[in-house]
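>
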Amino acid sequence: WCEFGHKFLDRNNDRNSDDFSPVFLQFLDAIHSIRATRPNHFEFNEELLLYLANAVYSGRYCNFMFNDSRQRKKNQTKLESTQAFSNVWTHVFSNRDKFTNGNYERFNQSLWPSRSIKAVRFWKRYFYRDYPYLLDL
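Numbering of the sequence shown is given in our numbering, commencing with residue 189 and proceeding in unit increments.
Here you go:
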């Protein structure tokens, strides 16, 4: 997402921008639904999706503060040196056990998601995160 020019600054951080759109969050939500139908075919667990979904809006990681890799690379060293901002992947890789799916099974074929509406899963742990009493409904 970062290297291919997703405009994180415009799409996620500036709600007054005409470009504001939670496209990355929608992507994570889609991955959550696909992962729910084939949980053992993903090397990562839901914790990683939740962490990334929250990290995008946290203002903590320089990965999500710019519109392209040029802007990010120009400012990343300066931001990381202040230790106020870091790279999200540094945190993820240093906490790999927290984000790894213990039931992962290598799958050497293409993974085709179901086209059935029944396969779409509401992402309770993200969208109900502020309402834990709703998680059991």
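We put the beta carbon where it would ideally sit given N, CA and C, even for glycine.
These numbers come from a predicted model, not from an experiment.
State the beta-bridge partners of Tyr-249 as determined by DSSP.
Translated into the one-based positions of the sequence shown, residue 249 becomes position 61. DSSP lists Ser-274 as partners of Tyr-249.
> Given Phe-287, which residues of its chain have a CB within under 8 Å of its CB, disregarding the five upstream and five downstream residues?
Position 99 of the sequence shown, counted from the first residue, corresponds to residue 287. So the qualifying residues of the chain are Phe-232, Asn-233, Glu-235, Leu-236, Tyr-239 and Val-280.
> Could you tell me the boundaries of the alpha helix (DSSP H) in which Leu-216 lies?
Locating residue 216 in the sequence shown gives position 28, counting from the first residue. Note, Leu-216: alpha helix (DSSP H), 211-225.
> Which residue from Pro-320, Asp-324 and Lys-195 puts its Cα closest to that of Asn-255?
Here the question's residue 255 lines up with position 67 in the sequence shown. Considering only alpha carbons, the answer is Lys-195.
> Should Phe-310 be labelled buried (16 or more other beta-carbon atoms within 10 Å of its own) or exposed?
As a working mapping, residue 310 is identified with position 122 in the sequence shown. Classification of Phe-310: exposed, given that the 10 Å Cβ count is below 16.
> Please report the straight-line C-alpha distance between Asp-207 and Asp-217, rounded to a whole angstrom.
Taking the sequence shown and counting its residues from 1, one reaches residue 207 at position 19. Taking the sequence shown and counting its residues from 1, one reaches residue 217 at position 29. Computed Cα separation, rounded: 20 Å.
> With a CB to CB cut of under 8 Å and the five nearest residues on each side skipped, what residues in its chain are close to His-220?
What you label residue 220 is simply residue 32 of the sequence shown in a count that begins at 1. Closer than 8 Å at Cβ, skipping near neighbours: Glu-234, Leu-237, Arg-309, Trp-311 and Tyr-314.
> According to DSSP, what are the bridge partners of Phe-230?
Here residue 230 refers to the residue found at position 42 of the sequence shown. In DSSP, Phe-230 forms no bridge with anything.
> Could you give the residue range of the alpha helix (DSSP H) that holds Phe-315?
One-based indexing of the sequence shown puts residue 315 at position 127. Start and end: 312-315.
> What residue from Asn-291, Gly-290, Arg-260 and Asn-289 has the CA that sits closest to His-276's CA?
Stepping through the sequence shown from its first residue, residue 276 is reached at position 88. It should be pointed out that residue 276 corresponds to Val in this sequence rather than to His. Cα-wise, what sits closest to Val-276 is Arg-260.
> From this set, Asn-204, Met-253 and Ala-224, which residue's C-alpha is nearest Lys-306's C-alpha?
For this step, residue 306 is matched to residue 118 along the sequence shown. Lys-306 has its Cα closest to that of Ala-224, out of Asn-204, Met-253 and Ala-224.
> Check this for me: beta carbons of Leu-338 and His-229, under 7 Å apart or not?
Absent from the structure is residue 338, since the part of the chain shown begins at 189 and ends at 325.
> To the nearest angstrom, report how far apart Lys-262 and Ser-304 are at their CA atoms.
Residue numbering aside, residue 262 sits at position 74 when the sequence shown is read from its first letter. Residue numbering aside, residue 304 sits at position 116 when the sequence shown is read from its first letter. One C-alpha to the other measures close to 44 Å.
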